[in-house]
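Peer 1:
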Amino acid sequence: MNTIHAFYRLLPVRITQVVITCLMASMIFSNLTMAAEDTSETQAEPASVRAYDLPTDQPSEAVGIHSYSSSIDGDDDRSEAQKKNDQIWDHVLPFGAQVAIYNGYDLPLPFGVSLIYSKTKQNQLISNLNVGHNGNANVNVDSIASFDRFETDTIAPQIKIDAWILPFLNVFGVVGHSSGTADLNVDISGDGLLNGLSDSGLGPKLIGTANDYCKSLPPAKRATCYGAVQGGKAIVKNKLAGTSYDLGVTADVGGYNYTIGTMLAGGVHNWFYVMPMSYTKNEMASTNVGGGVVNIQPRMGYNFHFSNGNNLALYTGASYMDINQTISGGYTPGEGAGKDEAGPKTLNFSVDQENEDKWAGIMGVNLSLNKSLSLAMEHTGYKSDSRKQTLVLLNGRF
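Right under this line is the structure:
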């Protein structure tokens, strides 16, 4: 480390300034271009809000930064610039950490492991419902069945691993398990069902089959049979025309979610901003899921420093979440829904899913006990009536 220390002290001041200028410009412009969504949901997990913590008047005593200078009788009369030049970052990551330290930045420890617990309740939109058999869901029934309400209420414990690649750039991965309920209200249209029977040819086929049966009867009974077929047709039409039927269903849901993402971060004095961006894939226990969830969460806040070394960060921001998924599977009488779509008695289905509210407000608090341990709590949805999430995160860094 002494060789690295000596090398950095020999860097010309102008070269150091150029390097820092490039790093900061990259951070600012990257943030501006991306500042146009939230995790999860997906689930959305807050990143460490001590991404940047510019030093106060006291010299940094952060874990991972060491000073190789000494002073007589315990007094240190060196200038602040000299103290900064004596600090050495002895971790592999992030790249460029030493230059950032020489320019006054207090960096978090490079690696983190977080335990996350979230509770989410939100409305979903369902469209493009298709049904079929023999492995093909190729008949659209949107004109027959519409979904007035589809609300999910889930909890999701998760584990997150992250690393700072650059002083302003973090990458992370999350694995979690979700469970809960889905409340679904289906409106079945009588007119739509009649039109569907006619357009699909199923209605005329049924009538034809009944008439063929009547034709096979003795002549004396045919007229009565034909009359019964026509009468039944009229009864069905009168019963269905102009009517609708509501069907309420509550189902258990569960599965796993896998998230990858990155985060931009920066700060000025005690003010900071972070913007995590992630993509989540869901794997459900009883259905196939295609597509995923895009999540972007720009936030800004303020760090309060206490004499005991703790830091309290208050922050607010916005969460953009875009769920774009196709759910498919098969329904077998007596067995329920499953991933198998090719059974001989299986009714196939597929449906598109998205969330009703893309945007929601965020409020959160993060308590850093030291460089290695912090606890965060966050609420999403104070500007949304159809999307609410409460999240607790325990983060350890090394």
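Here the sequence shown stands for residues -35 to -1, 1 to 363, where the numbers follow mature numbering (1 follows the signal peptide of the UniProt record, and there is no 0). Don't be surprised by glycine CBs; every beta carbon is placed ideally from N, CA and C. Note that the structure is predicted; figures quoted are calculated from it, not measured.
1. Roughly how many whole angstroms lie between the Cα atoms of M228 and L359?
2. Report buried or exposed for P298, applying the criterion of at least 16 other Cβ atoms within 10 angstroms of its Cβ.
3. If you follow the beta strand (DSSP E) that N88 is in, where does it begin and where does it stop?
4. Please classify W236: is it buried, with 16 or more other beta-carbons within 10 angstroms of its beta-carbon, or exposed?
5. Taking buried to mean at least 16 other C-beta atoms within 10 Å of its own C-beta, is K202 buried or exposed?
6. I'd like to check one pair, A110 with L131: are the Cβ atoms closer than 8 Å?
7. According to the neighbour-count rule (16 or more other Cβ atoms, all chains shown, within 10 Å of its Cβ), is G54 buried or exposed?
8. CB-CB under 8 Å to N105, same chain, minus the five flanking residues each way: which ones, in chain order?
9. How many whole angstroms separate the CB atoms of G308 and G295, which I take to be in contact at a CB cut-off of 8 Å?
10. Look up D118 in the DSSP assignment and give the residues it is bridged to.
11. Return the CA-CA distance between K125 and I81, expressed in angstroms with no decimal places.
12. Return yes when the Cβ of G257 is within less than 8 Å of the Cβ of S144, no when it is not.
13. Using the Cα positions of L338 and R362, report the straight-line distance between them to the nearest angstrom.
14. Exposed or buried, which one is A193 when buried takes at least 16 other CB atoms within 10 Å?
15. Specify, as a first and last residue, the run of the beta strand (DSSP E) that S293 falls within.
16. Comparing C-alpha positions only, which one of A102, G69, V57 sits nearest to N313?
17. I'd like the list of long-range same chain contacts for L205, defined as Cβ closer than 8 Å, with 5 residues on each side in sequence excluded.
18. So what's P59 in DSSP terms, helix, strand or just coil?
19. Taking the alpha-carbon positions, what's the A62 to G232 distance?
20. Can you tell me which residues form a DSSP beta bridge with D152?
21. Using only the alpha-carbon positions, how far apart do T135 and S108 sit?
22. Using only alpha-carbon positions, find the residue among Y267, N247, N99, L149 that is nearest to D113.
23. With 16 other CB atoms within 10 Å as the buried threshold, where does V64 fall?
24. Can you tell me whether S339 is helix, strand or coil according to DSSP?
25. Check the C-beta distance from T224 over to T245 and give it rounded, since I have them as a contact under 8 Å.
26. What do you get for Y210, buried or exposed, if any count of 16 or more other CB atoms within 10 angstroms of its CB means buried?
27. Terminal residues of the continuous beta strand (DSSP E) containing D71?
28. Between K304 and the rest of its own chain, which residues show a CB-CB distance below 8 Å, the 5 nearest in sequence each way excluded?
29. If I'm right that T311 touches H98 with Cβ under 8 Å, what's the distance once you round it to whole angstroms?
30. Between which two residues does the beta strand (DSSP E) carrying A188 extend?
31. So, under 8 Å CB-CB, G141 and Q123 are touching, yes? Tell me the CB distance rounded to an integer number of Å.
32. For my contact list, Q195 and N247 are in at a C-beta cut-off of 8 Å; report their separation, rounded to the angstrom.
33. Hey, could you find the ends of the alpha helix (DSSP H) L167 is sitting in?
34. What is the rounded straight-line gap between the Cα of H344 and the Cα of P169?
35. With 16 other CB atoms within 10 Å as the buried threshold, where does N222 fall?
Peer 2: With the given structure in hand:
1. Position 263 of the sequence shown, counted from the first residue, corresponds to residue 228. Position 394 of the sequence shown, counted from the first residue, corresponds to residue 359. Each residue's Cα considered, the two are about 18 Å apart.
2. Your numbering for residue 298 matches position 333 in the sequence shown. Classification of P298: exposed, given that the 10 Å Cβ count is below 16.
3. Position 123 of the sequence shown, counted from the start, is the residue given in the question as residue 88. That run of the beta strand (DSSP E) goes 76 to 98.
4. For the purposes of this step, residue 236 is taken as residue 271 along the sequence shown, with counting starting at 1. Exposed.
5. Mapped onto the sequence shown, residue 202 falls at position 237. By the neighbour-count rule (16 or more Cβ atoms within 10 Å), K202 is not buried but exposed.
6. One-based indexing of the sequence shown puts residue 131 at position 166. One-based indexing of the sequence shown puts residue 110 at position 145. Result no, Cβ atoms of L131 and A110 do not sit closer than 8 Å.
7. The residue labelled residue 54 in the question sits at position 89 within the sequence shown. Per the sequence shown, the amino acid found at residue 54 is Trp instead of Gly. Burial of W54 is indicated by the presence of at least 16 other C-beta atoms within 10 angstroms of its C-beta.
8. For the purposes of this step, residue 105 is taken as residue 140 along the sequence shown, with counting starting at 1. Cβ within range, chain order: N93, L94, N95.
9. In the sequence shown, counting from the first residue as 1, residue 308 sits at position 343. In the sequence shown, counting from the first residue as 1, residue 295 sits at position 330. Sure, about 6 Å apart at Cβ, within 8 Å.
10. For this step, residue 118 is matched to residue 153 along the sequence shown. K86, T146.
11. Mapped onto the sequence shown, residue 125 falls at position 160. Mapped onto the sequence shown, residue 81 falls at position 116. CA-to-CA, the gap between K125 and I81 works out to about 7 Å.
12. As a working note, residue 144 is residue 179 in the sequence shown. As a working note, residue 257 is residue 292 in the sequence shown. Not closer than 8 Å, so no.
13. Start at 1 with the first residue of the sequence shown, and residue 338 comes out as number 373. Start at 1 with the first residue of the sequence shown, and residue 362 comes out as number 397. Answer to the nearest angstrom: the Cα atoms are 6 Å apart.
14. Sequence index remark: in the sequence shown, residue 193 carries index 228 (1-based). Burial state of A193 is exposed, judged by a 10 Å Cβ sphere holding fewer than 16 other Cβ atoms.
15. Numbered from its first residue, the sequence shown carries residue 293 at position 328. Its beta strand (DSSP E) spans residues 276 to 297.
16. Position 348 of the sequence shown, counted from the start, is the residue given in the question as residue 313. With distances taken between Cα atoms, N313 lies closest to A102.
17. Mapped onto the sequence shown, residue 205 falls at position 240. Only G155, D156, L158, L159 meet the Cβ criterion.
18. Counted from its first residue, the sequence shown places residue 59 at position 94. Coil, per DSSP.
19. Residue mapping note: residue 62 aligns to position 97 of the sequence shown, counting from 1. Residue mapping note: residue 232 aligns to position 267 of the sequence shown, counting from 1. Linking A62 to G232 through their CA atoms gives a straight-line distance of about 15 Å.
20. Translated into the one-based positions of the sequence shown, residue 152 becomes position 187. Note: D152 sits in a beta bridge opposite S111, D211.
21. Taking the sequence shown and counting its residues from 1, the one referred to as residue 135 is at position 170. Taking the sequence shown and counting its residues from 1, the one referred to as residue 108 is at position 143. For clarity, residue 135 is Asn in the given sequence; the question names Thr instead. Computed Cα separation, rounded: 47 Å.
22. For the purposes of this step, residue 113 is taken as residue 148 along the sequence shown, with counting starting at 1. Considering only alpha carbons, the answer is L149.
23. Residue 64 sits at position 99 when you count from the first residue of the sequence shown. By the 10 Å Cβ count, V64 comes out buried.
24. Counted from its first residue, the sequence shown places residue 339 at position 374. Residue state, collapsed to three classes: strand.
25. Along the sequence shown, one-based indexing puts residue 224 at 259. Along the sequence shown, one-based indexing puts residue 245 at 280. That pair is a contact at about 4 Å.
26. Counting from 1 along the sequence shown, the entry for residue 210 is found at position 245. Exposed, because fewer than 16 other Cβ atoms sit within 10 Å of the Cβ of Y210.
27. For the purposes of this step, residue 71 is taken as residue 106 along the sequence shown, with counting starting at 1. Segment: none, D71 is in no beta strand (DSSP E) and carries neither H nor E.
28. Walking along the sequence shown from the start, residue 304 turns up at place 339. Correct list, in chain order: S251, T252, N253, G294, G295.
29. As a working mapping, residue 311 is identified with position 346 in the sequence shown. As a working mapping, residue 98 is identified with position 133 in the sequence shown. With a Cβ gap of about 7 Å, T311 and H98 count as contacting.
30. In the sequence shown, the residue the question calls residue 188 occupies position 223. Note, A188: premise wrong, no beta strand (DSSP E); alpha helix (DSSP H) at 184 to 205.
31. Residue numbering aside, residue 141 sits at position 176 when the sequence shown is read from its first letter. Residue numbering aside, residue 123 sits at position 158 when the sequence shown is read from its first letter. The pair is a contact, with the Cβ atoms about 3 Å apart (cut-off 8 Å).
32. Reading the sequence shown from its first residue, position 230 is the one you call residue 195. Reading the sequence shown from its first residue, position 282 is the one you call residue 247. Contact doesn't hold; Cβ gap of about 50 Å is too wide.
33. Counting from one through the sequence shown, the residue named residue 167 turns up at place 202. Where L167 is concerned, the enclosing alpha helix (DSSP H) stretches over 167 to 180.
34. As a position in the sequence shown, residue 344 is number 379, starting the count at 1. As a position in the sequence shown, residue 169 is number 204, starting the count at 1. Roughly 56 Å separates the two Cα atoms.
35. Translated into positions along the sequence shown, residue 222 becomes position 257. Buried, since its Cβ has 16 or more Cβ neighbours within 10 Å.
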